[in-house]
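Worksheet: the structure to be examined is printed underneath.
Residue numbers (full-length UniProt numbering): 1 to 160.
See below:
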């Protein structure tokens with residue numbers, strides 16, 4: 001399992017040093033027991049369980065299983081740079097609803113948006129590009145960057 005942070009939701013004091021230590025423990029092994037985390041951070045198991053629950057409810061963390069796309073039948077991954085005319089937020093919301101897209105980000109530079117997607121094969125990728133991305137009103141142009149080999153993917157950046 002891996003921890004994926006989300007935006008917003010971390011009220012004052014939620015990310016104290018103990019919670020940061022708990023998050024780092026979960027980032028190294030999202031399946032470890034509350035007891036082992038408690039031992040590492042110096043709290044009781046019940047206190048760790050409560051803190052993790054508050055972090056999850058506030059949206060600071062998600063605990064998810066991260067799969068290797070190739071191992072589960074997604075043989076084509078790509079990053080797509082998208083230039084938009086009009087309201088970028090509206091286009092981003094529509095892209096976020098596409099099942100094959102797992103990452104949508106507003107950015108500065110040559111593209112207004114970047115999306116990452118996973119597909120079963122090239123035909124599936126072509127279908128997603130044509131029917132799910134390029135058909136959205138406001139999408140002016142796209143550039144697709146095909147993944148040849150994933151060298152590093154980590155969710156252990158810690159907390160600041």
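Beta carbons: idealized from backbone N, C-alpha and C, even for Gly.
Bear in mind that the values here come from a model prediction, so they are computed numbers and not experimental data.
The criterion of a C-beta distance shorter than 7 Å is not satisfied by residue 60 and residue 138. DSSP, reduced to helix, strand and coil, places residue 18 within a helical segment of the structure shown. Three or more beta-carbon pairs separated by less than 8 Å are not found between the stretch 95 to 109 and the stretch 43 to 54, which leaves the two stretches without contact. Judged by DSSP in its simplified three-state form, residue 147 adopts coil rather than helix or strand. DSSP assignment within the UniProt domain "HTH asnC-type" (15 to 75) yields the following whole alpha helix (DSSP H) runs of 4 residues or more, N-terminal first: 17 to 28, 34 to 41, 45 to 58. Secondary structure of residue 142 (DSSP, three-state): strand. Looking at the backbone, the Cα of residue 14 and that of residue 20 are separated by about 9 Å. Under the three-state reduction of DSSP, residue 136 is assigned to coil, being neither helix nor strand.
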